[in-house]
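Asks: Got a structure for you, questions after.
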Amino acid sequence: MGRRRYVPELTDKRWNIRQFGERIAQNSPIQGTAADLIKQAMIGIAQRLGAAQSDTRMLLQVHDELLFEVPVGEEKVLEGLVVKGMEGAIDLSVPLIAEGGFGKSWYDTKLSW
């Protein structure tokens with residue numbers, strides 16, 4: 268059996284420290300699931316890009332965002348592939364919604380949303 272994880276702040280006598288422990292205990296599974304989700308999405312998207320023999324390159328992952336270098340003319344195909352790959356990365360009882368944008372820089376891409 269694996270090592271049991273414990274948040275010692277949960278039993279602290281000080282209210283503010285206990286509250287901190289509760290935030291850690293609630294947030295950790297959410298962040299872990301989000302990390303697993305983006306990894307699964309990246310693997311699936313990379314496989315689809317390879318199968319499509321695309322010249323698009325996955326460059327960077329920052330939190331819940333993926334950044335690609337996309338040849339001119341492949342934008343719409345890539346957008347559908349990435350959105351589908353991110354929204355279907357893992358099976359959840361709630362819908363995941365992904366969106367994207369295009370631009371010459373990451374900043375310009377954010378503006379296009």
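With the numbering used here applied, the sequence shown covers 268 to 380. The beta-carbon is built from N, C-alpha and C at its ideal position, and this holds for glycine as well.
(1) Please classify Ile312 as buried or exposed, where buried requires at least 16 neighbouring CB atoms within 10 angstroms.
(2) By the 10 Å Cβ neighbour count, where 16 or more other Cβ atoms means buried, how is Val349 classified, buried or exposed?
(3) Please report the distance separating the alpha-carbon of Trp373 from that of Leu333.
(4) Excluding the five sequence neighbours on either side, which residues of its own chain have a C-beta within less than 8 Å of the C-beta of Glu354, listed in chain order?
(5) Taking the CB atoms as reference points, tell me whether Glu341 and Gly367 lie closer together than 8 Å.
(6) Which class does Val350 belong to by DSSP, given the choice of helix, strand or coil?
(7) Mapping DSSP to helix, strand and coil, what is Phe287?
(8) Which residues share a DSSP beta bridge with Met325?
(9) CA-CA distance, Gln293 and Asn283?
(10) Taking 8 Å as the threshold (C-beta atoms), are Gln307 and Ala356 in contact?
Replies: If we stick to the structure as given:
(1) buried
(2) buried
(3) 10 Å
(4) Pro362, Leu363, Ile364, Ala365
(5) no
(6) helix
(7) helix
(8) Phe335
(9) 15 Å
(10) yes
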